[in-house]
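Chains as they are written, first to last, in the working numbering: chain W, 2 to 324; chain A, 2 to 324; chain E, 297 to 641; chain Z, 297 to 641. The next block holds one structure in the form of structure tokens; read it before the comments.
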Amino acid sequence: MDGGSSEFVGPRQRWLASEGSTAERLYGQMWLIREFEERLLSLFEEGVLTGTTHACIGQEADCVGVINHLETGDVIFSNHRCHGHFLAYADRPEWLAAEIMGRGAGLVGGRGGSQHICYEDFFSNGVQGGIVPVATGIAMAEKARGTGRIVCVFLGDGTLGQGVVYEALNMASLWSAPILFVVEDNRWAQSTPVEKELSGSMVARGEAFGVASSEITSTDAEEIYGHFEGIVAAVRKTGRPHLGVIHTYRLCHHSKSDDMRPEEEVEARRALDPVPLLRSRLDEERASAIEAAVQKRLEEAFSWALDQPHPAAETLRDPLSTS
Amino acid sequence: MDGGSSEFVGPRQRWLASEGSTAERLYGQMWLIREFEERLLSLFEEGVLTGTTHACIGQEADCVGVINHLETGDVIFSNHRCHGHFLAYADRPEWLAAEIMGRGAGLVGGRGGSQHICYEDFFSNGVQGGIVPVATGIAMAEKARGTGRIVCVFLGDGTLGQGVVYEALNMASLWSAPILFVVEDNRWAQSTPVEKELSGSMVARGEAFGVASSEITSTDAEEIYGHFEGIVAAVRKTGRPHLGVIHTYRLCHHSKSDDMRPEEEVEARRALDPVPLLRSRLDEERASAIEAAVQKRLEEAFSWALDQPHPAAETLRDPLSTS
Amino acid sequence: MTSTVLRSLNQALHSMMEEDDRVYMVGEDLLDPYGGAFKVTRGLSMAFPDRVWTTPISEAGFVGVATGMALRGLRPVVEIMFGDFLTLACDQLVNHAAKFSWMYAEKVEVPLVVRAPMGGRRGYGPTHSQSLEKHFLGVPGLAVVAVDPFGSPGDLLRQAVADRRPLLFVENKVMYARRVRAVQAGRMGAFSVRETAGPYPTLTLSLGEFLGGDATVVAYGGMAELAVEAAEELLIEEERVVEVVIPRQLHPLDVEPVVESVGRTGRLVVCEEGSGAAGFGAEVVAAVSGRALEALQAAPRRVAALPVPIGNAPTLEAATLPGTGEISSAVRAVIGPARPLYSIG
Amino acid sequence: MTSTVLRSLNQALHSMMEEDDRVYMVGEDLLDPYGGAFKVTRGLSMAFPDRVWTTPISEAGFVGVATGMALRGLRPVVEIMFGDFLTLACDQLVNHAAKFSWMYAEKVEVPLVVRAPMGGRRGYGPTHSQSLEKHFLGVPGLAVVAVDPFGSPGDLLRQAVADRRPLLFVENKVMYARRVRAVQAGRMGAFSVRETAGPYPTLTLSLGEFLGGDATVVAYGGMAELAVEAAEELLIEEERVVEVVIPRQLHPLDVEPVVESVGRTGRLVVCEEGSGAAGFGAEVVAAVSGRALEALQAAPRRVAALPVPIGNAPTLEAATLPGTGEISSAVRAVIGPARPLYSIG
Ligand SMILES: Cc1ncc(C[n+]2csc(CCOP(=O)(O)OP(=O)(O)O)c2C)c(N)n1
Ligand SMILES: Cc1ncc(C[n+]2csc(CCOP(=O)(O)OP(=O)(O)O)c2C)c(N)n1
Ligand SMILES: [Mg+2]
Ligand SMILES: [Mg+2]
């Protein structure tokens, strides 16, 4: 299960090696993400887990629609709502579960928890906005080193309130950084509706900085997957940044149990839930088989993770100590 | 000369009370600014003054074109390049000179110097960008207090690199702050040409945040004055922000003697120097009379300022001490 | 009637907004029914819809906006959702709000309050658990005040809002749920209490009627309660008499009450939840050494977090942040193995 | 051959860029012919046009960009034009660069250097004259190093660029023009010199061959030279023997050399150009009190700026910032009126 020795295969390579139709493959990934988070939330409710976590329930189509286009070595910088991004990237629920449970076998030894993870070329941090220039710097480094890799950074609608995002857009544009800014506009920032936190237009904001920008209003994973195929290819080919806005919706609370949005609004959006939406296109038998396989994996992943020991306090060492 | 007792008359009221044609009045103000700064630079060259200073030579038309529309009580927040703004606002060269000379009789007792001044409703600070949210807050306060006053904040093209500017644009737009953002695009930020610091479009940046935006390429004070008449009126009437870009040029060095721009470029721009441009429209005799009157005022102002004592170190007191 | 720190702060905000229409709330997610991440502002937007401004996620921007409001006579109270993000407002505080009044020759005032919930012990991980106030100590023009569960937290906040200086008001997340312990007629439970004058009185608590003691423990904010607990335990279990000094204004610091207490005890321990280097404890120890070196009978000790980020795993977080155990050990260490000459009773 | 600090730093950058193509410069107005506001990067963009990136005025943004570069194996050296604007990069340093390596379980390193010219005495006024490094001391994961004119400033910068930790490199504007004073065979002029091991050696200078002395003065960066001047004057004019300890790594601080020196002198003065509260001096005094209280024969003193913004007027600036006069007075104050028992020669 810890499999630390095998070489990492990037999302695109894994995608190409996997079986089934596009819809089936996307569905399998989305189901993994959904079920992973549902389990996680139960553990929080049961009091097995403490602290906080941000589920991406309702936004799984973004994760799989974008990330399956990224090659081995491409970099992802994600934010507080990173589980879906990570699972689409690495397909390693056991390590993520262990991390969120604060186990030493977690992705970063229990140090980061739900929103501060790192694995291969995947990173996340819980401070809104600040990751955007960092991701831009990574893109510039890859360009300078001539690796051909690109970077994909995820941010929410609310995070467009952070000034440093525009500093990064400006530099990415001036210097031609091969970076894809993915704005997941889920219409809310914590308890604040988008109308109260964002003026003007998201796409226009990208364009005003000379960054090619696009938008799609969808929770359809196949559609998003198709939409980003060309975008990712263009970033790779031109070496120029792109800002891709996905207008979607968060179906769960912001973090654990803090949802105070109008019930009718949330209810209306459930009809667009990306998981049943895609399932309806699948053969029932195939869908059930995919789900069963995922359940089995998650069962094992969570029970493995729960068995792992907590990190020992003795591992704490001043990062500045040079010895 | 210190005249501290007389009540302050705002720029619009002073403008209305002053004599002569529009061109003559604008010219008198511009000449005051130009001559003030030329004298200042000489004093630096002679070593009488030390430290640093940023002249607005070449950009005087912005100062007079915008500020003469502001009423008593309207607020200006200016930046490092604030002399012209201040003189257009307050017409008090003696206090500004004393301030830059580090005299106790200066605008802020010699504490601020060239770029940190305050007088009535005029403020400036030398940290790029940070003044923009502060100015937005002032506008919101005036709105909350129902005073009908508006705020005008000046920033340079380079300062559009600061993220906090966009945080302010967003809030000003969301909350309808009665504020005019004046971008003086003088094509350079210190030693950096605008192409190397700014991507996309300035006006598009304002619009992307839902802020009405306009631009004018001009060094003609009458034209700029006319252009901003409607803009200032609209901000006052609608209570909404506006971003007004003026494409102009800095004819002097950035600060004192640090000009390394291509000579041909600067030379070509001298043809558009706002001061001779406007003078050419005036009657020679009137122009000379205006100039002579200004010279006399400045003579007195500078000699008065030079006579003022430096502030005593004993005046230093911890601003946090409550006694 | 007992109250929690949260309730006390919330009620103070309610009554201030009621009494003074210059008081505004500015920050993220403040609107009801949500009422702010930690609910300190709950109910305010229902009662005063025009004066509670929920903001975009723009910490620098809205601290700047509030500074502008303060410059024009309003009394903005800003909430930084997590104190960890004060870093984003650092320039606004240091190079704008803190400088304006002095730099503009006192022509203006900036009566700004920035509230920052700090601290860990809730499993929020490296970016949502820090106590960063030490980095904001000693900025010319910026006062720093920390609230604790003793006396009236709400009254302390009232003083902050009435203060004409820009001020950082440090809260502690775990403390919100704690019961307020009133100080009455110079007593708080078994402790006798002395308070200094002024808006942010320093408390000195003694279990030995100020007749002397084994050590002085200085602690503020969320650590104050832990220090009091440690003092209680040390008395009961080891017959050690500890005085606890609880400053509220961290900067500028009035070190006199500490010096006085050390005069009685001869030994000093200073606590803070943040990491220790160049922090609050350093200032207290340096100030006491500078003022009353001769009073120190043993090397002073600082109790603070380990110099690592705060891990998410409960084991790591608990080992990183100081608790009563660390305070007691430090007290034992400064007292040393031998019984001091002084003995109680 | 004598050199200035500026030249030494500039040459080090030149040779590092020559030797290692992972070294990049990032900052405002770095391109030639301008070559940076204080000319530390002069000539670099001519020699290495692809590796000198002049930036927009985006301090937070380009520190973030450099952090990303460092994460991917490059060796970015950032220049903050005026150290005053480090405030804008505070979040990037504290919540990103400093945390990554530890938070990501040491899977990554962030070999980032952020150079910050600090200090006043040039008449630049309240927002362009500060020494703000104290606010960045004690961040878990962030090293702070300050350069002075002794030994080789360029070598210190080389060590910083070779360092695998994110690091704040504090320079001092006035110091750029100062002559470098070499340390050779344990001597610098009349001083005998001891150096600790490691990349950022602490210097201890003695005019009394380390046989003892009247006081220890600790000073770093731009203040180091003033401390040396004060020591020279105090010897010549008052026959006082002062040891000067010059730390380079301000955080984490190796306090041993200070403790050793105080062991010889019994008296301690700590200097910094920034305002004093909760600053570098507080840490040094607290650390020495904690480690070697018994060695302190007099209350230690801190020499620092007054707790006000730095006025533009020369009279105000001079009165606010500490000079040799303040250092000498502090030395006299810790020594006290009576001659110490020890006498030289
Ligand atoms: C700088 C900063 N400020 C505030 C927060 C607290 N916070 C965490 S998530 C969040 C809302 C983010 O909204 P959005 O960007 O729309 O992302 P979403 O949560 O909707 O995915 C806030 C305010 C933070 N993490 N960082
Ligand atoms: C935050 C910040 N960074 C850097 C500086 C140094 N600086 C002063 S003026 C200036 C250039 C400003 O350019 P621009 O905004 O175009 O205004 P201009 O000088 O052209 O009027 C710079 C970089 C500063 N004052 N503040
Ligand atoms: Mg959102
Ligand atoms: Mg410019």
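Yeah, the Cβ is synthetic: ideal placement off N, Cα and C, and Gly gets one too. Here the structure is a predicted model, which means the values were calculated and not measured.
Below-7 Å beta-carbon distance, residue i vs any chain W residue
i	result
Z/R341	It should be pointed out that residue 341 of chain Z corresponds to Ser in this sequence rather than to Arg. Chain W contact via Cβ: absent.
A/V165	yes
E/G508	no
E/I353	yes
Z/G641	Low confidence applies here, because Z/G641 scores a pLDDT of 39, under 50, leaving its location unreliable; read the following figure in that light. No, Z/G641 does not count as interfacial toward chain W.
Neighbour flag for residue i against chain A, beta carbons, 7 Å
i	result
W/L175	yes
W/G211	yes
Z/N391	no
Z/A609	yes
E/T492	no
Where residue i sits in the DSSP three-state scheme
i	result
W/Y167	helix
Z/H547	strand
E/G641	Low per-residue confidence applies at E/G641: pLDDT is 39, beneath 50, and the placement is therefore not dependable, though the value from the model is reported in the following sentence. Looking at E/G641 - three-state DSSP - the assignment turns out to be coil, as it is neither helix nor strand.
E/P636	Any reading at E/P636 must be qualified, since the residue scores a pLDDT of 47, below 50, and its modelled position is unreliable; the value itself is stated next. Reduced to three states, the DSSP call for E/P636 is coil.
W/T316	helix
E/R490	strand
Z/A523	helix
W/H254	coil
A/Q296	helix
W/D186	strand
W/I151	coil
Z/Q480	strand
W/Q309	coil
E/I542	strand
Residue i burial status per 10 Å Cβ neighbour count (16 or more: buried)
i	result
W/E223	buried
Z/I606	buried
A/M261	exposed
Z/P345	exposed
W/A209	buried
W/E100	buried
E/L637	Because E/L637 sits at a pLDDT of 49, beneath the cut-off of 50, its placement in the model cannot be relied upon, and the following sentence gives the value as read from the coordinates. Exposed, by the Cβ-count rule.
A/Q191	buried
Within-7 Å CB hit, residue i to chain Z
i	result
W/G149	no
A/H81	no
W/C253	no
A/Q309	no
A/V128	yes
E/G586	yes
W/P320	yes
Short CB-CB distance (under 7 Å) between residue i and chain E
i	result
W/R262	no
A/I139	yes
A/C153	no
Z/S571	yes
Near ligand 5: residue i beta-carbon under 6 Å from a heavy atom
i	result
A/N187	Of the ligands one can find in the structure shown, namely ligand 1, ligand 2, ligand 3 and ligand 4, none is ligand 5.
When you check each C-beta in the stretch 440–469 of chain E against every C-beta of chain C, which residues fall closer than 8 Å?
-> In the displayed structure, chain C is absent; the protein chains listed are W, A, E and Z.
Alpha helix (DSSP H) runs wholly inside the stretch 71–118 of chain W, at least 4 long, in chain order = 84–91 and 94–101
Whole runs of the alpha helix (DSSP H) within the stretch 332–371 of chain Z, excluding any shorter than 4 residues | 340–343 and 355–367
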